[in-house]
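Just so we're aligned: the sequence shown equals residues 1 to 57 in the UniProt record's numbering. No residue lacks a Cβ here, since even glycine has one placed at the ideal position from N, Cα and C. Since the model is a prediction, treat every value here as computed from it, not as a measurement. Here is the structure we will look at.
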Amino acid sequence: MFALVFVVFDVETVFLYPWAMSFDVLGVSVFIEAFIFVLILVVGLVYAWRKGALEWS
Numbered sequence: 001m002f003a004l005v006f007v008v009f010d011v012e013t014v015f016l017y018p019w020a021m022s023f024d025v026l027g028v029s030v031f032i033e034a035f036i037f038v039l040i041l042v043v044g045l046v047y048a049w050r051k052g053a054l055e056w057s
């Protein structure tokens, strides 16, 4: 499960890098969309953490 969480956040980096490079062209609406994207991933991470999916056993 830990590897799956790593892959999800690795894909997040791949999606956010091009956005960060063209932030001045895209505007505020895309910033809000990227923020919502990151927020959804963080909520999923907190859920997995509380369920104990990130514990080494």
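*Going by beta carbon distance, what residues of the same chain come within less than 7 Å of LEU16, once the five residues before and after it are set aside?*
Residue 16 sits at position 16 when you count from the first residue of the sequence shown. Setting aside the 5 residues that flank it on each side, LEU16 is surrounded in the same chain by ALA34, each with a C-beta closer than 7 Å to its C-beta; the list follows chain order.
*Cα-Cα, which of GLY27, VAL28, ASP24, LEU39 is closest to PHE9?*
Mapped onto the sequence shown, residue 9 falls at position 9. That would be LEU39, whose Cα lies nearest to the Cα of PHE9.
*Nearest-angstrom Cα separation, counted from TRP56 out to VAL25*: The residue you call residue 25 lines up with position 25 of the sequence shown. The residue you call residue 56 lines up with position 56 of the sequence shown. If I take the Cα positions, the gap works out to 43 Å.
*In the DSSP assignment, find the unbroken alpha helix (DSSP H) run with GLY44 in it and report its ends.*
Walking along the sequence shown from the start, residue 44 turns up at place 44. Bounds of the alpha helix (DSSP H) holding GLY44 are 28–51.
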